[in-house]
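With our numbering, the residue at position 246 of the sequence shown is 1229, and numbering never jumps. Each remark here refers to the structure printed beneath this line.
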Amino acid sequence: MSGHVGLTQRNSLWQQTGCASLQLWYSSCRPKTQALQQYSLTAAIFGLITLAFLLGFRDAWSPRPEELLIRNEWHSTGWQMREHAVTYSRRVSEVYIAGDNATTSAEAAQDVLLEGVERDLAPFRHRGITLQMIEQAYCVGTADVSSFRVQIIDNQVYIAGETEGFHDLNLRNKKILASVIGAFPDSLPDVDFVFQGSDWMPPNSNGTHENCQQQGPIFTANKQAHDAHGILFPDESWLDWDQTQALISTASKRLEWHKREPRLLFRGAPTGDRAYWLDTPGVLESEELDVKVVSEWWGAGRSEYLSPAEQCRSKYLLYFAGNTWASRLKKLLLCNSTVVVHPSPYVGFWWHLLEHGHNVHVVEPIQRPEDSGEELAAAVRELKSNDTRAREIAANGFHLALHVLTPEAILMYWHRLLTEYAKLQRFTPTLHVDAIPLDRSIFDPQEHVQRPQWERTCHICTRMA
984 MSGHVGLTQR NSLWQQTGCA SLQLWYSSCR PKTQALQQYS LTAAIFGLIT
1034 LAFLLGFRDA WSPRPEELLI RNEWHSTGWQ MREHAVTYSR RVSEVYIAGD
1084 NATTSAEAAQ DVLLEGVERD LAPFRHRGIT LQMIEQAYCV GTADVSSFRV
1134 QIIDNQVYIA GETEGFHDLN LRNKKILASV IGAFPDSLPD VDFVFQGSDW
1184 MPPNSNGTHE NCQQQGPIFT ANKQAHDAHG ILFPDESWLD WDQTQALIST
1234 ASKRLEWHKR EPRLLFRGAP TGDRAYWLDT PGVLESEELD VKVVSEWWGA
1284 GRSEYLSPAE QCRSKYLLYF AGNTWASRLK KLLLCNSTVV VHPSPYVGFW
1334 WHLLEHGHNV HVVEPIQRPE DSGEELAAAV RELKSNDTRA REIAANGFHL
1384 ALHVLTPEAI LMYWHRLLTE YAKLQRFTPT LHVDAIPLDR SIFDPQEHVQ
1434 RPQWERTCHI CTRMA
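Here it is in structure tokens:
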């Protein structure tokens, strides 16, 4: 109570002694005060305009929340960061374990598989996909190897601007498109996209066109974390997947677990310098490893070659990528062996289903070639120390490849991808002047003309000097 009285008395005293002097000061300073108020009002208005501009600029060019989700979900070592993913509703280990409920849990795992579509389309949710973006990707955004434009109009597929492909890569990818049309002859939306079939995802090329400044989306079989413009799709390696499943899984069932060799097996030819990592004395002389680099130019040679089915003889199989990635991972899983994965920053559309300790065994990235032998051998010793756990990992990987990644699921992924992609298009696809029907592109040598990228017809984008 005394505090309240003291405060009242101080206020009264201030009013009696200071009011007159305050009024005198205010009258003398009033013109300056008015000017200051006017200046403050102007500054406030200018500040609000600037803030609105900056917010608009941020919305137009900064990553959207959904873009940040995809970037946070990736990691320099690929799917090891799967534990911290925020773009998927569930972990595969939560919905799918090989056993009595395999059918039901496989369907749940396939739902998680389809969530990969949202992952890749998230960067385009805010702004959509414009014709300028497609033209940008078509005219400069793709590489000169194994790229072309795909248009689906009235359930007919057209190919435009095909560049030279590696071996039969282009042909096989066009056959994949033909299988998608065959599976959904009347239910595919009109879409227009650019396809890249080579190993490397073309880099972001923002600002390289006068009229098409913004990088367009590119369909690609693999990508890294920073390739937000890449849209992953089931590539040509899934062609005849049903036959591959039957062949390898049948071979694996003939080989009982306790009769398999307890060594880590690898047969292949990683591209680039990575092949030398598996051809060191530490690798070749290790009793825990059965690793041979099989190449027509060097290494063990053809005499050491083993087919995918023959590789099922070992309890442990090594996945080791080359320059980018290797599509053979799904085949290794079909052996019902424990797949030891050396991580790579390049991932495929389904690799978010891989979990260390559940369906694969992921090792730490090897830093030096001379360390390859000991670090891979250490992984084998770890698996041997808990054979029951190793066998569970093998079984879960096997069922993932056989019952989750079914041919029907792959087609459904394509359907979901094209359907959701079409919703983001801000234009109605019309037939491009370079386009020819898919069947003529495959069967008619006179129509099937591969051309360099710079010979593509570009109506909107202009190359910058």
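Ideal placement from N, C-alpha and C gives every residue a C-beta, glycine not left out. Please read all numbers here as calculations on a predicted model, not as lab measurements.
- By the neighbour-count criterion, in which 16 or more other beta carbons inside 10 Å mark a residue as buried, residue 1313 falls on the buried side.
- Counting only residues of its own chain and dropping the five nearest sequence neighbours on each side, residue 1118 has a CB closer than 6 Å to the CB of 1195, 1443 and 1444.
- Measuring C-alpha to C-alpha distances from residue 1360 to each of 1376, 1436, 1245 and 1438 identifies 1245 as the nearest.
- The residue among 1166, 1096 and 1228 with its C-alpha nearest the C-alpha of residue 1381 is 1228.
- Residue environment: residue 1205 is assigned as buried (16 or more neighbouring CB atoms within 10 Å of its CB, all protein chains considered).
- Only residues of its own chain outside the window of five on either side were considered, and among them 1131, 1132, 1417 and 1439 have a CB closer than 6 Å to the CB of residue 1144, listed in chain order.
- Take the alpha-carbon of residue 1233 and the one of residue 1410: they are about 48 Å apart.
- One thing to note: residue 1344 has its Cβ within 9 Å of the Cβ of residue 1362.
- When only Cα atoms are considered, residue 1157 and residue 1297 end up about 35 Å apart.
- In the DSSP secondary-structure assignment, residue 1213 is bridged to 1201.
- For residue 1160, same chain residues with a beta-carbon under 6 Å away, outside a window of 5 residues either side, are 1140 in chain order.
- Residue 1089 and residue 1351 have their C-alpha atoms roughly 39 Å apart.
- In this chain, the alpha helix (DSSP H) harbouring residue 1366 covers 1355-1368.
- Residue 1273: member of the beta strand (DSSP E) spanning 1272-1276, first to last residue.
- The alpha-carbon separation between residue 1378 and residue 1386 amounts to approximately 11 Å.
- With contacts defined as CB atoms closer than 9 Å, residue 1135 and residue 1175 qualify as a contacting pair.
- Secondary structure of residue 1103 (DSSP, three-state): helix.
- Around the beta carbon of residue 1179, 16 or more other beta carbons lie within 10 angstroms, which makes this residue buried.
- The C-beta separation of residue 1300 from residue 1315 comes to about 5 Å, placing the pair in contact by the 8 Å criterion.
- By the criterion of a C-beta distance shorter than 7 Å, residue 1292 is surrounded in its chain by 1230, 1231 and 1234, once the five residues flanking it on both sides are discounted.
- Taking all protein chains shown into account, residue 1335 has 16 or more neighbouring C-beta atoms within 10 Å of its C-beta and is therefore buried.
- Going by DSSP, residue 1218 is part of no alpha helix (DSSP H) at all; its letter is neither H nor E.
- A distance below 9 Å separates the beta carbons of residue 1358 and residue 1349.
- The straight-line gap separating the alpha-carbon atoms of residue 1307 and residue 1137 is approximately 36 Å.
- Close CB contacts of residue 1251 within its chain, under the 8 Å cut and outside five residues either way in sequence, are with 1276, 1277, 1303, 1309 and 1311 (chain order).
- The shortest C-alpha to C-alpha distance from residue 1236 to any of 1222, 1264, 1320 and 1408 is the one to 1320.
- Closest option to residue 1413, judged by alpha-carbon separation, among 1129, 1105, 1104 and 1172: 1172.
- The straight-line gap separating the alpha-carbon atoms of residue 1270 and residue 1375 is approximately 24 Å.
- With contacts defined by Cβ atoms closer than 9 Å, residue 1093 and residue 1402 do not form a contacting pair.
- Under the three-state reduction of DSSP output, residue 1241 falls in the helix class.
- Around residue 1112, the same chain offers 1200, 1407, 1408 and 1409 as residues with beta carbons nearer than 7 Å, after the five sequence neighbours per side are excluded.
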